[in-house]
Amino acid sequence: MKVSLKWLSEYVDVPSDVKAFCDRLDLTGTGVEAVEKTGDAFDGVVVGYVETCEQHPDSDHMHVVTVDVGAGEPVQIVCGAPNIAQGIKVPVATIGAVLPGDFKIKKSKLRGITSCGMCCSQRELGMGSNHEGIWILPEDAPVGMPIADYLKLSDTVLDLEVTPNRPDCLSMAGMAREVGAMYRTDVKRPQIDLVEDADATPASDQVSVEIADASRCCRYTARVIKGVQVGPSPDWLAERVAAAGARSINNIVDVTNYILFLLGQPLHAFDFDKLAGADGKAHIVVRPAAEGERFTTLDGEDRQLVPDMTVIATPERAVALAGVMGGLETEVTEATTTVLLEAAAFDRAHTSRTSRNLGLISESSMRYERGVDDNPVALNADMAAALIAEVSGGSVCPGMVDVWLEKTDPIDLEFRVPRFCAMMGAEIPREEVVDILSRLGCEVSDADDADVLSVTAPTFRPDLEREIDLYEEVVRLWGMDRIPATLPGGRGRYGTRSQLEHVSDIIHRTMCASGLNETMTYSFAEPGDLDRLRMSHEGLGRPVELINPLNADQSVMRQSIVPGLMRSVAYNQSRGVKNVQLYEMGAVFFAHEGKSQPKERRRLAGVMAGAMGDAGWNSAPAAFDFFDGKGAIENLARELALPKLRFKALSADEAPHLQPGRAAAVLSGGTELGWVGELHPLAVDAFDATAPVVAFELDVDALAKSARPARDYVDVPTFPAVSMDVAFVVDEGVTHERLVQCMTSAGGKLLEDVRLFDVYRDEARVGAGKKSMAYALTYRAADRTLTSEEVDKAHERLVKKVSSATGAEVRG
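This is the structure in C-alpha cells:
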C-alpha cells in the first residue's frame, strides 16, 4: 500500500519528522518497507520557453527549436511533436535527466542536427496517457523552474506493509483514521456531494441486477452516468493516482482508481451501451462461471473459467471477473457516452482463488481478499458517480439499483478496564481507552458497571471479534514501549534453564568454535532422500507423510538432517564456494504402525566439505577427512564432559552411506550417540555435490542425558610426572582403542595420560601384516613424588598386560 503524505495530510495532520513517523508506524503494527521522494524522479526536467522553431532541413515532420531553460544560453533541441511552436512553454528534459522507464537524456544527433535535450509529453513524464504532442504549459509558468516544483509534485510516499487482518488500512481514509488514533488528532472525512439530474431516466429503469448466490456477493449496486466525455484526467486526479502507484489512463478509469485508493472500495466502470439488451436495458447477473467458459480480460488475455469463479454477466455473456478484472469487450473508451458504475462486496475466498488460479492479482482483488465492508458500498458509489460527472461533464441519473442480500452487522463487546490493565501490566486511564477506541471508529458507552465499557466494533474492522482484540488495539496505540518492565509475581518462584537448554548452548558454542556455521533447512523432505543418501531405513520407522504438501519434493517430514545439509553443500559448491562447514540442530520425525502420533527427536548434524581455509602462497590446507569430523565431536565431548567417549568402527553393511574404513559409531559408555564419517562418493554424487564430504549426526537427547557439565574441581598437580615411551608391534587388526583400553586398565591410578605419536609399517623391519604403534606415557601420583622403582614396576605390568591381551611385542 503506497501512501502519499501530501495526500494524507489533506485528512489528518502528518508529523513533519518522517523518520519518527515511520518508527511510530512500525511500533503500531504497520511496517514501512520503503520511503520514496517522488519529486526526485524529475531531476533535470525544467520549464522551458521556445524562442525559435524552424523546420528540420532533412525531415518533413521534425523541427529544430531553441529553448530557454533558465541557464544562460538557449539549448538546441530536435523535436518531432506536431504541436511544437514558437512562444510556448513546455517541460524540457535536459542532458543527464532520467525519465520514467530508465530513459536517460543524452546529447545526440538527429539526421545531422545536434539535439541537447527533449521536449516532453505527459506520458513521457509518467503524468498521463496523452502522447499526441508536447505538453504545453500555462503562460505564467516560470522559465527554468524544476517541473516537480512547478507542478507541486514533490512528495513523500511510504510503501506500507499492511497485514491481512487490516483491510481498513488499504485506503487513504483508513490510514488517516489510523494516524488520527496514533496521535490523538482529528480526522477529516473525504466528502464529495452528489447532485442527480432529476430530468434523466432513473437508474432502476435502465438497469436490473440479480445475484444468483449470496455467498459469492452479498451486495451489488449500479449507478448510471450519462453524457460523459472520456479524455485525459485533470492534473490533480492524475497526480493522486500516480502517487498511489497506478498509471493514469483516462478520467473515468482514474476516478474508479481514485476512490479505490481513497476509500478502499473497488469499482468498475462499464460502457453502458455495450451492456444494454434489445430493450435498451442492462440486465446484470452475478453468477458462477460455467465450466469451460471463455472470457477476455482487460489485459487482452483469453482465459478459461471454472465454476468456482464468479462473473458479472448479461443474459448472453460474461462481462467481468467479479472482484478481479473487467472485460475487454465492455471497457470504457473514447467513444463511451454512458457509464454504468459497479460497486459491490464480493466473497473473499472465491476472489482469492480466482485471482491466484488465473495469476491475475489486481488492486481490487487484494482488497476483496482481505474483506470489503458491504455497509458503505452505496455511499462510496455515490461519491464516485459525483466525481465522474464532475471530471467528464456528465450527469448522474436519479437513484441507484441496490441488491443487498446479506448485511454485515456490527459486533457488541464488553471492555473490562481493570482486567485490561491487569493483563497489560500498566495502568492506562479509562478516558484514554475510550478516546482510542472512539478514534478507531468504535461506538463506546458505559455499561451498568462503571468498570465495564460497552463497545460496538465497526463493520470495517472484521478483526475485532473478541474483547481481547480491543485490548490489543488500545495497547498498541497507547504504546507497548510505555509498559514498564516487571518481574513475574508469585512466591518461591524462580526461573532456571533446563539441562537440555544448557546442553544446547554448549553445542552451539562448540560447533562455532570448531569452525562450523549454523544453518536451518526445511523440516519437509523428499520421500527418496534416505535412499539417495544410501542410508539404511532400519530403526527409523516409517516416514511421516503430509496430507497437503506444498509440492511433491516436500511431501514427508525428514528422518535425517543430513540430506538438507547436503543440498546446502551442493548449492554453495555450484556457486564457487568450495569450503563449506555447516551444522544444524533440529527435529526429525518417525511414524510407527498402529500409533497416531509420530515420534520426534532432536538431532545435531554437521557437514564439512573442502578445507578449513584457502590456500596461501606458501601452504595449502589439507582437505577435510574423517578425523576432522571426529575432532569436532571430541571437542563437543570435552565441553559436555561425556564419560568414556569412544568411536567404534562401522562396516560397509552397518553404514552403507559412509566410506568403508572411514566410518564410526559414537558412543559414551554404553550409550550410542550417533555416527561420524566420510560420506560415500555415490551418496555425494546423488546430491550433485563434490566429494569428499565429512558428516556426522548425533542424538541431542542422548547427549543431554550423558553430559556432565558440572565437573569436580581437580587441583593443579604439585608433584612431578615421569614420561616413558613404548612401541608395540601388533597385528593390523588391533586397534588403537583396544591398546589404550589395555594400558589404562593396567596402569591404574598412576597412569595419567596415554598419547599415540607414531604408526610405522615396514614388512622388512616390522613384519608383514604388522604395524608399530608408539605411545608416550605419563605417570604421576597426586600425593607424592614417584620413585624409579614404582614407575618401572607399573610400566612392566602395563607392557605385560598389553602383550598378553593383544599379542603385542615391544619393539626395541
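Converting from the sequence shown to my numbering requires adding 695 to each position, the first position being numbered 1. Think of the CB as a built atom: it goes at the ideal place given N, C-alpha and C, for glycine as much as any other residue.
Around the C-beta of residue i, are 16 or more other C-beta atoms found within 10 angstroms, so that it is buried, or is it exposed?
i	result
Cys1207	exposed
Tyr1166	buried
Val1454	exposed
Ala1317	exposed
Val1115	Looking at the sequence provided, one finds Phe at residue 1115 rather than Val. Phe1115 is buried by the Cβ-count criterion.
Asn1313	exposed
Ala917	buried
Ala1315	exposed
His963	buried
Gly1234	exposed
Tyr1408	exposed
Trp1370	buried
Glu819	buried
Val1505	exposed
Asp1394	buried
Thr951	buried
Thr1191	exposed
Phe1452	exposed
Met1468	buried
Met840	exposed
If you reduce the DSSP assignment to three classes, tell me which class residue i lands in.
i	result
Met870	helix
Val709	coil
Leu1132	helix
Ser928	coil
His756	coil
Val1435	helix
Cys864	helix
Gln771	strand
Cys1092	coil
Gln901	coil
Trp702	helix
Met1307	coil
Tyr1063	helix
Thr725	coil
What residues match up with residue i in a beta bridge as DSSP calls it?
i	result
Asn1212	Leu1277
Tyr1470	Val1421, Leu1451
Gly743	Val785
Ile906	Val981
Ala1015	Ile1007, Gly1021
Thr851	Lys732
Trp1370	Ala1360, Glu1392
Pro841	Val741
Rounded to whole angstroms, how far is the Cβ of residue i from the Cβ of residue j, which I believe are closer than 8 angstroms?
i	j	result
Thr1338	Ser1363	Before going on, a small fix: residue 1338 reads as Pro here, not Thr. Their Cβ separation, rounded to whole angstroms, is 6 angstroms, which keeps Pro1338 and Ser1363 in contact under 8 angstroms.
Leu1195	Ala1399	5 angstroms
Ala1121	Pro1179	7 angstroms
Glu934	Gly726	Not quite, the Cβ-Cβ distance comes to about 26 angstroms (not below 8 angstroms), so this is no contact.
Val980	Ala1008	5 angstroms
Ala1013	Gly1022	7 angstroms
Gly922	Ser1090	6 angstroms
Glu986	Pro1010	With a Cβ gap of about 18 angstroms, Glu986 and Pro1010 do not count as contacting.
Suppose you measure from the CA of residue i to the CA of residue j; what does that come to, to the nearest Å?
i	j	result
Cys717	Phe1319	49 angstroms
Ser1483	Lys1444	16 angstroms
His1287	Asp1200	31 angstroms
His756	Ala780	13 angstroms
Ala1500	Gln1436	10 angstroms
Asp870	Asp863	In the sequence as displayed, the identity of residue 870 is Met instead of Asp. Roughly 8 angstroms between the two C-alpha positions.
Asp894	Cys1092	8 angstroms
Gly1094	Ser903	13 angstroms
Ala984	Leu848	44 angstroms
Met1303	Leu1353	14 angstroms
Ser928	Ser1269	53 angstroms
Ala736	Gly791	12 angstroms
His1045	Met1020	14 angstroms
Gly1326	Met1307	13 angstroms
Val936	Asn860	25 angstroms
Thr1033	Ser1087	11 angstroms
Ser1133	Ser699	25 angstroms
Val760	Thr747	5 angstroms
Leu958	Met1078	10 angstroms
Could you check whether the Cβ of residue i sits closer than 6 angstroms to any heavy atom belonging to the ligand NAP?
i	result
Leu1245	This structure simply doesn't include the ligand NAP, nor any ligand for that matter.
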